[in-house]
Amino acid sequence: MDFQNEKNIYIMDHPLIQHKITRLRDKSTGTAEFRQIAGEIAMLMCYDALRDLETVDIDVETPIENTKSPVIAGKNQAVVPILRAGLGMTDGILSLLPTAKVGHIGMYRDEVTHKPHSYYCKLPSPISERIIIVTDPMLATGGSAADAINFIKEKGGKMIKFMCIIAAPEGLKHLHEVHPDVQIYVGHLDRELNENAYICPGLGDAGDRIFGTK
Ligand code: PRP
Ligand code: URA
């Protein structure tokens, strides 16, 4: 699949994002720095992912004269992190969208089968009229993201963007095939999955690195 030219797939190439991803990859980067940089990357990616937001002109009085100037129109937003690691991206996005509602979807991957299991789902209601930004730093097999987006669609979600910091080609292809309508934003497209379904070169276990667990 030619991801670069595929509709609804956006692979970031901004040097700031790439620089920060390198810091995340480095195994000597500690928890506090990892958490901070993950949030910064999410904010930078969100800035790009929201360039299609609609605006409407309103009247405004400047110190010089009256004019018309644009503000964000219509749709409200919801941020939905996939627990746990998606939480590491939430604050960065909320710094740009402070009035967005926040939902949570709990998923974990079975260590042997690599299949996703869900354990929690709480979304803002009604969800159908919101632009929904689903976050998870890692898109590996794509199973967790695909299932999480199934839950959101079952609850009525329609306008969905998925943001990950690192994707494997296998997971990106899977998610795009299952949900071709979802706009997928990728910080960096890595080489492949290994036999344990970890992304190579990747950054290891994102949840453990964000929360300092192991
Ligand atoms: C990680 C990651 C994704 C999932 C990606 O979560 O944050 O949710 O794996 O893998 P997939 O694309 O193959 O489904 P994990 O299951 O380790 O849970 P955690 O966030 O609680 O650590
Ligand atoms: N989950 C992670 O946290 N890292 C990977 O490389 C794959 C799944």
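The working numbering puts the first residue of the sequence shown at 806, with every later residue one more than the last. By construction, the Cβ of each residue, glycine as well, lies at the ideal position given by its N, Cα and C atoms.
Exercise. For the ligand URA, which residues count as neighbours when the test is a C-beta closer than 5 angstroms to any heavy atom?
Worked result: Met943, Ala945, Tyr1003, Ile1004, Gly1007, Asp1010 and Ala1011
Exercise. By Cβ distance below 7 angstroms, which residues in the same chain neighbour Ala1002 in space, the five residues on each side in sequence not counted?
Worked result: Within the sequence shown, residue 1002 is the residue found at index 197, counting from 1. Excluding sequence neighbours, Ala1002 sits near His919, Ala945 and Thr946.
Exercise. Can you round the beta-carbon distance between Ile1004 and Asp995 to whole angstroms, since I take them to be within the 8 angstroms contact cut?
Worked result: Here the question's residue 1004 lines up with position 199 in the sequence shown. Here the question's residue 995 lines up with position 190 in the sequence shown. About 5 angstroms; that satisfies the 8 angstroms criterion.
Problem set entry | Where Met943 falls: helix, strand or coil (DSSP) | The count along the sequence shown starts at 1 and reaches residue 943 at position 138. Strand, per DSSP.
Exercise. Can you give the beta carbon distance from Ser949 to Met894, rounded, assuming they're within the 8 angstroms contact cut?
Worked result: As a working mapping, residue 949 is identified with position 144 in the sequence shown. As a working mapping, residue 894 is identified with position 89 in the sequence shown. The pair is not a contact, with the Cβ atoms about 14 angstroms apart (cut-off 8 angstroms).
For this session: Give me the Cβ distance between Ala1011 and Met943, rounded to the nearest whole Å; I'm assuming they're in contact under 8 angstroms.
Result: If you number the sequence shown from 1, residue 1011 lands on position 206. If you number the sequence shown from 1, residue 943 lands on position 138. The Cβ separation is near 5 angstroms, so the contact holds.
For this session: Report, in whole angstroms, the separation of the C-beta atoms of Leu899 and Val884, which I expect to be a contact under 8 angstroms.
Result: In the sequence shown, the residue the question calls residue 899 occupies position 94. In the sequence shown, the residue the question calls residue 884 occupies position 79. Indeed, because the Cβ distance is near 6 angstroms, the residues count as touching under 8 angstroms.
For this session: Measuring alpha carbon to alpha carbon, tell me which of Thr872, Ile1015, Ile971 and Ser874 ends up nearest Ile822.
Result: One-based indexing of the sequence shown puts residue 822 at position 17. Considering only alpha carbons, the answer is Ile971.
Exercise. Alpha carbon to alpha carbon, how far is Arg889 from Asp862?
Worked result: Counting from one through the sequence shown, the residue named residue 889 turns up at place 84. Counting from one through the sequence shown, the residue named residue 862 turns up at place 57. Going by the C-alpha atoms only, they are around 39 angstroms apart.
For this session: Under 7 angstroms Cβ to Cβ from Asp915, same chain only, skipping five residues before and after it: list those, please.
Result: In the sequence shown, residue 915 corresponds to position 110, counting from 1. Cβ neighbours of Asp915 beyond the five flanking positions: His922.
For this session: Counting only runs of 3+ residues fully inside the stretch 901-940, write out the beta strand (DSSP E) ranges in chain order.
Result: 909-914, 921-927 and 936-940
For this session: Take Tyr815 as the anchor and find which of Met850, Leu829 and Ala843 has the nearest alpha-carbon.
Result: If you number the sequence shown from 1, residue 815 lands on position 10. If we check each option's Cα against that of Tyr815, Met850 comes out closest.
Problem set entry | Neighbourhood of Thr872 by C-beta, 7 angstroms cutoff - its chain only, sequence neighbours within 5 removed | For this step, residue 872 is matched to residue 67 along the sequence shown. Here the set comprises Val865.
Problem set entry | Residues bridged to Val991 [DSSP beta-bridge criterion] | One-based indexing of the sequence shown puts residue 991 at position 186. Paired residues: Ile816 and Cys969.
Exercise. Expressed to the nearest angstrom, what Euclidean distance is found between the alpha-carbon atoms of Glu934 and Gln882?
Worked result: As a position in the sequence shown, residue 934 is number 129, starting the count at 1. As a position in the sequence shown, residue 882 is number 77, starting the count at 1. The alpha-carbon atoms of Glu934 and Gln882 are separated by roughly 9 angstroms.
Exercise. To which residues of the same chain is Met848 closer than 8 angstroms at the C-beta, ignoring the five residues directly before and after it?
Worked result: Here residue 848 is taken as the residue at index 43 of the sequence shown, counted from 1. Excluding positions up to five away in sequence, the list reads Gly897, Ile898, Ser900 and Leu901.
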